[in-house]
Amino acid sequence: MEPLLAQQPSLWRSLNRKLTLARHEPANILGLILALFFAYLILAPVLSILTDSFIVQVGDSTRVHSSEGSVTNYYLIRTLMSRMSELLLWSPLAHTLAIALTTVVLAILLGVTLAWLVNRTDMVGRKWFANALVVPFMLPTWTYALAWTTIFKNRTIGGQPGWLEAMGIHTPNWLAYGYFPIVVILVIHYTPLVILIVGNALRRLDGQLEDCARILGAKPNKIALAIIFPLVRPALLSSALLIFADCIGEFAVPYILGLPVRYDTLATGLYRALDSRQTGVAAVIAGVIMLIGIITLLIDTRMMKEARRFVTVGGKGSQSRVRALGQWRFSAATIASVFVAIGVVIPLITLFLSTVMILPGRFTWENFTLDYWIGQNLDTIAMKSGILLAPEFWQAAWNTVSIVGIASLCSGLLGLLVGYAVLRVNIRWVSQFLRQITFMPYLVPGIAFAAAFLSLFAVARGPIPALYGTPILLIIALVAEKMPFASRSGIAAMTQLGKEAEEAARIAGAGWFTRLTRIVIPIQAGPLMTGILLPFISGIKGVSLFIILAIPATDVLTTYSLRLIDYNYEQAANAVVLMIALLAWSGTVLIQKISGTGLAQGLES
Numbered sequence: 190m191e192p193l194l195a196q197q198p199s200l201w202r203s204l205n206r207k208l209t210l211a212r213h214e215p216a217n218i219l220g221l222i223l224a225l226f227f228a229y230l231i232l233a234p235v236l237s238i239l240t241d242s243f244i245v246q247v248g249d250s251t252r253v254h255s256s257e258g259s260v261t262n263y264y265l266i267r268t269l270m271s272r273m274s275e276l277l278l279w280s281p282l283a284h285t286l287a288i289a290l291t292t293v294v295l296a297i298l299l300g301v302t303l304a305w306l307v308n309r310t311d312m313v314g315r316k317w318f319a320n321a322l323v324v325p326f327m328l329p330t331w332t333y334a335l336a337w338t339t340i341f342k343n344r345t346i347g348g349q350p351g352w353l354e355a356m357g358i359h360t361p362n363w364l365a366y367g368y369f370p371i372v373v374i375l376v377i378h379y380t381p382l383v384i385l386i387v388g389n390a391l392r393r394l395d396g397q398l399e400d401c402a403r404i405l406g407a408k409p410n411k412i413a414l415a416i417i418f419p420l421v422r423p424a425l426l427s428s429a430l431l432i433f434a435d436c437i438g439e440f441a442v443p444y445i446l447g448l449p450v451r452y453d454t455l456a457t458g459l460y461r462a463l464d465s466r467q468t469g470v471a472a473v474i475a476g477v478i479m480l481i482g483i484i485t486l487l488i489d490t491r492m493m494k495e496a497r498r499f500v501t502v503g504g505k506g507s508q509s510r511v512r513a514l515g516q517w518r519f520s521a522a523t524i525a526s527v528f529v530a531i532g533v534v535i536p537l538i539t540l541f542l543s544t545v546m547i548l549p550g551r552f553t554w555e556n557f558t559l560d561y562w563i564g565q566n567l568d569t570i571a572m573k574s575g576i577l578l579a580p581e582f583w584q585a586a587w588n589t590v591s592i593v594g595i596a597s598l599c600s601g602l603l604g605l606l607v608g609y610a611v612l613r614v615n616i617r618w619v620s621q622f623l624r625q626i627t628f629m630p631y632l633v634p635g636i637a638f639a640a641a642f643l644s645l646f647a648v649a650r651g652p653i654p655a656l657y658g659t660p661i662l663l664i665i666a667l668v669a670e671k672m673p674f675a676s677r678s679g680i681a682a683m684t685q686l687g688k689e690a691e692e693a694a695r696i697a698g699a700g701w702f703t704r705l706t707r708i709v710i711p712i713q714a715g716p717l718m719t720g721i722l723l724p725f726i727s728g729i730k731g732v733s734l735f736i737i738l739a740i741p742a743t744d745v746l747t748t749y750s751l752r753l754i755d756y757n758y759e760q761a762a763n764a765v766v767l768m769i770a771l772l773a774w775s776g777t778v779l780i781q782k783i784s785g786t787g788l789a790q791g792l793e794s
């Protein structure tokens with residue numbers, strides 16, 4: 190007992206010294222402020238939407254037979270176990286899982302094949318294909334959906350038919366809408382992700398392992414199953430889980446190709462519930478989407494930890510083996526060329542041609558026009574000029590650049606500050622909390638995250654006014670959604686920056702704010718710019734947040750194009766999509782210039 194009592198003063202002095210150091214370290218204050226800020230910006234909306242599942246919503250008191258704000262299990266029962274549950278949840282869930290699982294299987298098979306051709310063979314043009322094959326991942330998914338409808342749309346939903354229908358070739362519903370086209374488009378979009386992740390694993394695989402097995406008499410199929418597959422298995426599982434999680438929250442493609450024939454997924458079901466003011470039901474559906482996304486990405490995190498078991502001992506002697514294909518070199522290049530044609534060339538050419546044709550599918554000179562780009566006094570009800578002369582287009586373009594630009598700038602700066610706080614604070618739980626809370630939006634699909642923000646900020650709460658219908662809501666939602674990328678970029682950048690420069694400035698008498706603005710930020714200008722541009726490119730082509738949170742007055746280019754689709758102005762909508770793709774590609778090239786890396790090298794990490 191006496192030794193313990195004797196230790197108490199020293200323990201107290203140690204604790205008091207730590208508290209004193211914590212109070213005098215500005216990074217600790219910054220870390221606490223950021224922790225509170227992100228708890229409200231990220232955690233509070235998620236908790237709010239989950240709470241809505243158990244609280245009687247406005248206008249539902251008569252239906253629920255309880256007062257507004259009281260606790261109820263009505264929404265859970267209605268969504269999970271009522272006569273409407275099949276329509277509200279179970280059928281959309283089955284469609285979502287069918288799409289996601291099929292997409293994963295086909296994307297893995299095609300992606301592994303192309304990754305092997307590019308990285309482990311002497312295929313003709315392999316260096317060019319290394320960049321060209323990943324371009325479909327940079328284009329918005331609904332680019333392909335619009336190109337698909339341009340070609341295959343039939344007369345089921347009215348409006349202008351697709352090219353095939355206009356030429357007298359009937360396209361059945363299963364080909365024009367629903368499960369089949371959605372899967373085809375998502376496979377095209379996500380195959381490059383497999384090429385990047387698996388290709389990176391194949392490049393790091395030591396070819397000497399295969400040589401040793403071959404010398405010992407192992408056959409090629411034995412080498413593939415016993416050596417190559419186990420070593421690239423973590424990459425395969427990671428690709429599969431990331432694609433599955435993204436497919437769960439995919440909204441744009443099912444919206445364009447599923448809603449016309451009432452082929453609902455969880456994302457479009459959530460949109461329908463919000464659009465019909467079934468807030469409680471929407472909260473339950475959002476909770477299901479969140480749960481699937483979190484479970485999937487937690488499994489991915491576990492798989493990444495398991496990947497350490499498959500690290501091979503390399504060094505100066507490690508090298509990859511390129512297999513000579515001989516006469517099959519050109520055949521392999523043909524396979525890759527077909528994918529590039531289907532994934533890039535045909536969709537973009539289709540969209541462009543559709544924007545300069547009066548009637549679809551009629552390839553005659555008198556049918557070509559520039560009216561949908563620069564026309565005036567058009568003979569349409571809601572569109573009197575081409576998009577480049579339409580005030581609505583330029584207003585949406587300005588909203589896109591300003592809202593996404595401000596959000597990206599804030600995300601980049603906050604990401605750098607998070608990185609600074611995580612690496613500089615001496616309060617461990619603050620550092621860990623910032624790491625986890627800023628990564629949380631990556632665990633929640635965008636459509637559910639948008640619903641969560643709508644739940645929290647649609648009405649006034651305390652000193653915070655109702656923000657629905659304002660650009661501010663879109664900006665803060667985008668900031669929160671892009672923080673996983675911005676914070677990881679900031680943490681990675683600050684990891685490489687030592688304390689020596691700051692210590693020298695401190696000794697010279699520079700204050701903390703001066704050190705931050707004159708030393709830290711200028712040194713990290715490159716990573717900061719990348720941390721700003723990446724959210725900007727992603728935000729420009731994003732749909733899920735805007736379709737829930739934007740109104741006509743705050744239309745961005747993505748929602749503007751979708752509204753044109755709703756009005757059956759497909760040519761104009763396709764023109765807007767091409768402008769979005771141009772903006773996204775320009776941003777990608779700018780990132781390459783700043784970072785000094787190629788497209789494939791930048792994405793694979």
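Position 493 of the sequence shown, counting from 1, maps to 682 under the working numbering, and the rest follow consecutively. Backbone N, C-alpha and C fix where the C-beta goes; we use that ideal spot for every residue, glycine too. It should be emphasised that the depicted structure is a prediction, and the values quoted were computed from it without experimental measurement.
Alpha carbons only, please: which of the options is nearest the one belonging to residue i?
i	options	result
R677	T485, L612, W618	L612
T743	D435, T589, A770	T589
G550	A610, M356, A739, L455	M356
E581	T310, Y452, F243, T747	T747
P724	L772, S750, R752	L772
Y758	M312, Y561, I737	Y561
R262	M273, V245, S775, L605	The sequence shown places Asn at residue 262, not Arg. When each option's Cα is compared against that of N262, the closest is V245.
L753	V260, T558, I726, A585	A585
S250	F227, Y366, Q467, N308	Q467
L722	R309, A365, V235, W774	W774
E670	I218, I231, V778, D311	I231
L598	G776, V470, M718, Y452	M718
Within this structure, are the beta carbons of residue i and residue j separated by less than 7 Å?
i	j	result
T360	L353	yes
S600	V668	yes
A857	V648	Coverage of the chain is limited to positions 190 through 794, which leaves residue 857 absent and any answer about it impossible.
I563	L577	yes
P536	A336	yes
P138	G458	The structure shown has nothing for residue 138, since the chain only spans 190 to 794.
I437	A637	no
L277	T268	yes
I680	G731	no
S428	V373	no
G720	G532	no
N763	L540	yes
A666	L751	no
A334	L446	yes
L430	I474	no
L328	A610	no
Q760	T544	yes
M312	A521	yes
I740	G658	yes
F622	P673	no
Got a sec? Which residues, its chain only, sit under 8 Å from residue i by beta carbon, not counting five neighbours each side?
i	result
L204	Any reading at L204 must be qualified, since the residue scores a pLDDT of 48, below 50, and its modelled position is unreliable; the value itself is stated next. Answer for L204: no residue qualifies.
Q565	K573, S574, G575, L578
S237	A641, S644, L645
N362	N343, T345, V450
Y460	F440, Y444, I636, I736, I737
DSSP state of residue i, grouped into three classes?
i	result
Q467	coil
I653	strand
F541	helix
M546	strand
T501	The predicted position of T501 is uncertain, since its pLDDT is 47 and thus under 50; a value taken from the coordinates is nonetheless stated next. Coil, per DSSP.
I754	helix
T659	coil
T569	coil
I346	coil
I358	coil
I244	strand
F557	strand
V648	coil
Leaving out five residues before and five after residue i in sequence, what residues of the same chain have Cβ atoms less than 7 Å from its Cβ?
i	result
R497	With a pLDDT of only 49 at R497, under the threshold of 50, the placement of this residue in the model should not be trusted; the figure read from the coordinates follows. Counting only Cβ-Cβ distances below 7 Å, and skipping sequence neighbours, we find nothing.
T285	I437, T454, L455
Grab me the residues of residue i's own chain with a C-beta within less than 6 Å of its C-beta, minus the 5 sequence neighbours each way, in chain order.
i	result
T330	H378, A441, V442
L239	G476
Tell me whether residue i, by its Cβ, gets closer than 6 Å to a heavy atom of the ligand MN.
i	result
K316	Absence of the ligand MN is noted for the structure shown, with no ligands found whatsoever.
Examine chain C for any beta-carbon lying closer than 7 Å to the beta-carbon of residue i, and answer yes or no.
i	result
L567	No chain C is present in this structure, which holds just one protein chain.
Completely contained alpha helix (DSSP H) runs for the region 574-636, where each covers 4 or more residues
For the region 574-636, whole alpha helix (DSSP H) runs of length 4 or above, ordered along the chain, are 580-588, 594-613, 617-628.
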